[in-house]
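J.: According to the numbering used here, the stretch in the sequence shown is residues 40 to 238, in order.
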Amino acid sequence: MAGGALDRPVGLLALQGDFAKHEAAFRALGVATRGVRRPAELEGLRALVIPGGESTTMTRLIDRVGLRGPLRDFAAGHPVLGTCAGLIMLAGDLADEVASHGVQPLGLLDCTVRRNGYGTQVDSFDAPVAIDGLAGVAGDYPAVFIRAPRIVRTGPGVEVVGRHGGEPVAIRQGHLLGLTFHPELTDDLRLHRAFLELA
Ligand code: GLN
Numbered sequence: 040m041a042g043g044a045l046d047r048p049v050g051l052l053a054l055q056g057d058f059a060k061h062e063a064a065f066r067a068l069g070v071a072t073r074g075v076r077r078p079a080e081l082e083g084l085r086a087l088v089i090p091g092g093e094s095t096t097m098t099r100l101i102d103r104v105g106l107r108g109p110l111r112d113f114a115a116g117h118p119v120l121g122t123c124a125g126l127i128m129l130a131g132d133l134a135d136e137v138a139s140h141g142v143q144p145l146g147l148l149d150c151t152v153r154r155n156g157y158g159t160q161v162d163s164f165d166a167p168v169a170i171d172g173l174a175g176v177a178g179d180y181p182a183v184f185i186r187a188p189r190i191v192r193t194g195p196g197v198e199v200v201g202r203h204g205g206e207p208v209a210i211r212q213g214h215l216l217g218l219t220f221h222p223e224l225t226d227d228l229r230l231h232r233a234f235l236e237l238a
């Protein structure tokens, strides 16, 4: 990364969802953030987070404010973290057209995701996730899953860096990181710190 990049803020897509929780996590790490609601606000950021929320609403708002192309361009050259609905937005495609409800992912992470993949009866739960392959994150991470998506396919360029019950729940493709859970809802800052190391 070019000199000075570490002084730049991390962008938080702030159209909808729990972006404020990510802001708190980065603040605890001493890292400045900036909410992104329009294309010009991507300028000068070192990285971007697409938070949890509702991917249906996020799709509508991204297209309404003209962020689809700018987000794709930004992701070509900067680290992007997608958590839960944010991972759905990063995905290549979605399984199950009916459950997709008009969600149009950005097509950045080579994976297929099923929205609300755990069904309604167990749609929210906490579980330790074994993380392997991210700098500074060894062993179990206390993951919070809320109406979480399931990753049902990963492409050849995608590395599985976290599993729950043998299934991928954390995946990395170069400088793109996708988590089916919510690291911003715990006090464990290791995944936010590891994300900042992705170059
Ligand atoms: N189920 C939501 C969606 O499909 C994601 C839930 C979340 O981000 N916690 O967008």
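Every residue gets a Cβ at the ideal spot worked out from N, C-alpha and C, and that includes glycine.
Computed from a predicted structure; not experimentally measured.
Strictly closer than 6 angstroms from CB to any heavy atom of ligand 1: give me those residues in the order they appear in the chain.
T.: Cβ-based neighbours of ligand 1 within the cut-off: Gly91, Gly92, Glu93, Ser94, Cys123, Ala124, Ile127, Arg154, Asn155, Ile185, Arg186.
J.: Return the CA-CA distance between Phe220 and Gly116, expressed in angstroms with no decimal places.
T.: 24 angstroms
J.: Below 8 angstroms between beta carbons: does that hold for Gly178 and Cys150?
T.: Not a contact, by the Cβ cut-off of 8 angstroms.
J.: Report the three-state DSSP secondary structure of Pro78 (helix, strand or coil).
T.: helix
J.: Taking 8 angstroms as the cut-off, does the region 104-122 touch the region 210-218 (at least 3 CB pairs, one atom from each stretch)?
T.: Between the region 210-218 and the region 104-122 there are three or more C-beta pairs closer than 8 angstroms, enough to call the two in contact.
J.: State the start and end residues of the unbroken beta strand (DSSP E) segment that holds Gly178.
T.: Segment 176-185, the beta strand (DSSP E) holding Gly178.
J.: Let me make sure I understand the geometry here. Which of Asp57, Pro167, Gly194 has the alpha-carbon closest to that of Leu147?
T.: Closest by C-alpha distance to Leu147, out of Asp57, Pro167, Gly194, is Gly194.
J.: Is it a yes or a no for the region 98-114 touching the region 200-210, going by three-plus beta-carbon pairs under 8 angstroms?
T.: No contact exists between the region 98-114 and the region 200-210.
J.: Over the uninterrupted alpha helix (DSSP H) stretch that includes Glu136, give me the two end residues.
T.: 136-139
J.: Do Tyr157 and Arg192 have their CB atoms nearer than 8 angstroms?
T.: Result no, Cβ atoms of Tyr157 and Arg192 do not sit closer than 8 angstroms.
J.: On the DSSP letters alone, give me the boundaries of the beta strand (DSSP E) that Leu100 sits inside.
T.: Careful: Leu100 lies outside any beta strand (DSSP E), inside the alpha helix (DSSP H) at 94-103.
J.: Expressed to the nearest angstrom, what Euclidean distance is found between the alpha-carbon atoms of His214 and Lys60?
T.: 22 angstroms
J.: So, Thr98 versus Gly141, is the Cβ gap smaller than 8 angstroms?
T.: yes
J.: With distance defined between alpha-carbon atoms, name the residue in Glu236, Arg232, Ser139 nearest to Arg66.
T.: Arg232
J.: Would you report the Cα separation of Gly201 and Arg103, rounded to the nearest angstrom?
T.: 34 angstroms
J.: Out of curiosity, what's the CA-to-CA distance linking Ala124 and Leu81?
T.: 20 angstroms
J.: Quick one: residues in its chain with C-beta nearer than 6 angstroms to the C-beta of Gly42, no 5 flanking neighbours on either side, listed in chain order?
T.: With a pLDDT of only 49 at Gly42, under 50, the local geometry of the prediction cannot be trusted, and the value read off the model is given with reservation. Closer than 6 angstroms at the Cβ level, and outside the excluded window around Gly42, lies no residue.
J.: I'd like the ranges of any beta strand (DSSP E) spanning at least 3 consecutive residues and lying wholly in the region 178-237.
T.: 189-193, 198-203, 206-212, 215-218
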